[in-house]
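Numbering (UniProt numbering), first residue to last: 1 to 338.
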């Protein structure tokens with residue numbers, strides 16, 4: 001889940017070091033320092049000749065032309081958009097070729113299933129937006145900084161308890177009681193934002209945006225495959241995916257148990273947590289989309305109630321787990337380049 005983050009003490013030490021360097025800045029210490037004066041110092045005047053004038057003119061011309069070097073940023077943005085589009089299209093084509101050879105036999109998605117799926121995706125997008133806004137607000141206000149600097153374990157364990165509690169309360173509330181249900185759902189999203197806020201201290205905004213783009217491309221292509229595949233084709237994945245989640249969770253706790261000298265074992269568990277987690281939660285996205293369509297057919301027959309909020313929670317957790325791993329993979333690649 002989204003709260004499976006490791007090594008919280010590294011964030012605490014980083015924040016403490018940043019606060020110490022901030023208080024050592026010249027802007028703060030200059031209040032206590034005595035201003036230097038050069039009233040009685042001697043000055044040497046040098047004659048300004050033609051060569052000096054030419055050098056000054058050349059330096060001014062170079063300084064004037066330096067801002068023009070920032071022009072290729074638009075090209076970099078276009079390049080990133082092209083790469084993101086190519087990633088989405090390539091993933092969509094590859095997954096269709098590998099997993100979607102058998103399409104729906106009824107010739108298309110019925111209107112009730114399409115409306116239920118669109119409603120679920122709308123709630124998923126709203127929930128992800130609430131998570132992002134709450135994480136950004138907590139990061140800018142400094143609330144999460146103070147909490148993590150005080151005791152990171154309280155934040156992680158308390159956030160874990162609030163996350164599970166609000167999720168269970170949301171699922172247990174009837175969709176007819178929409179005020180209470182949306183209140184619990186909003187509290188669940190705010191809790192996920194609080195657990196996601198420490199990532200903003202570790203990764204730059206550009207890397208966060210790239211990870212979000214890659215996550216949208218991956219989940220969008222997998223959701224398209226799940227929506228157009230044969231009915232109940234991938235629902236058998238529930239059991240193997242639960243076993244995979246257990247393996248990924250155990251590998252995530254490995255650094256807390258294994259000694260630091262077991263370098264190869266720690267590297268192996270790191271790969272399981274990152275790449276195995278991507279595969280597992282990508283499979284959960286495929287499973288959850290087909291489960292939404294199955295619940296739509298059951299709701300149409302009156303067997304269960306129509307509840308898009310509960311359906312969106314599973315997709316939100318899939319998004320967050322894939323997003324966190326995307327951020328960590330991009331950070332590792334950036335560290336290797338340096």
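Ideal Cβ placement from N, Cα and C applies to all residues, glycine included.
Check: Among 197, 275, 223 and 113, which one has its Cα closest to the Cα of residue 330?; Outcome: 275
Check: Judging by CA-CA distance, which residue of 317, 293, 328 and 144 is the nearest neighbour of residue 188?; Outcome: 317
Check: Please report the distance separating the alpha-carbon of residue 71 from that of residue 78.; Outcome: Note on residue 71: pLDDT 40, under 50, position unreliable in the model; the coordinate value appears next. Rounded to the nearest angstrom, the two C-alpha atoms are 12 Å apart.
Check: Taking the CB atoms as reference points, tell me whether residue 299 and residue 116 lie closer together than 8 Å.; Outcome: yes
Check: Tell me which same chain residues have a C-beta within less than 6 Å of the C-beta of residue 392, skipping the five on either side of it?; Outcome: Residue 392 falls outside the range modelled here, since the chain spans only 1 to 338, and no answer is possible.
Check: Using only CA atoms, which one of 235, 126, 205 and 176 lies nearest to residue 293?; Outcome: 235
Check: Apply the 10 Å Cβ neighbour rule to residue 193 and answer buried if 16 or more other Cβ atoms are within range, or exposed otherwise.; Outcome: buried
Check: Between the beta-carbon of residue 128 and the beta-carbon of residue 284, is there less than 8 Å?; Outcome: no
Check: Residue 159 and residue 200 - do their beta-carbons sit closer together than 8 Å?; Outcome: no
Check: How long is the line joining the alpha carbons of residue 217 and residue 90, rounded to whole angstroms?; Outcome: 10 Å
Check: Could you pull the start and end residues of the alpha helix (DSSP H) that residue 273 belongs to?; Outcome: Taken as a continuous stretch (DSSP letters only), residue 273 belongs to no alpha helix (DSSP H), as it is neither H nor E.
Check: Below 7 Å CB to CB, which residues in the same chain sit around residue 144 once its five sequence neighbours on both sides are set aside?; Outcome: 138, 194, 197 and 198
Check: Quick one: any contact between the stretch 263 to 281 and the stretch 244 to 251, if contact means 3 or more CB pairs under 8 Å?; Outcome: yes
Check: Among the candidates 244, 257, 321 and 207, whose CA atom is the shortest distance from the CA of residue 219?; Outcome: 321
Check: Do you know offhand how far residue 208's Cα is from residue 326's?; Outcome: 9 Å
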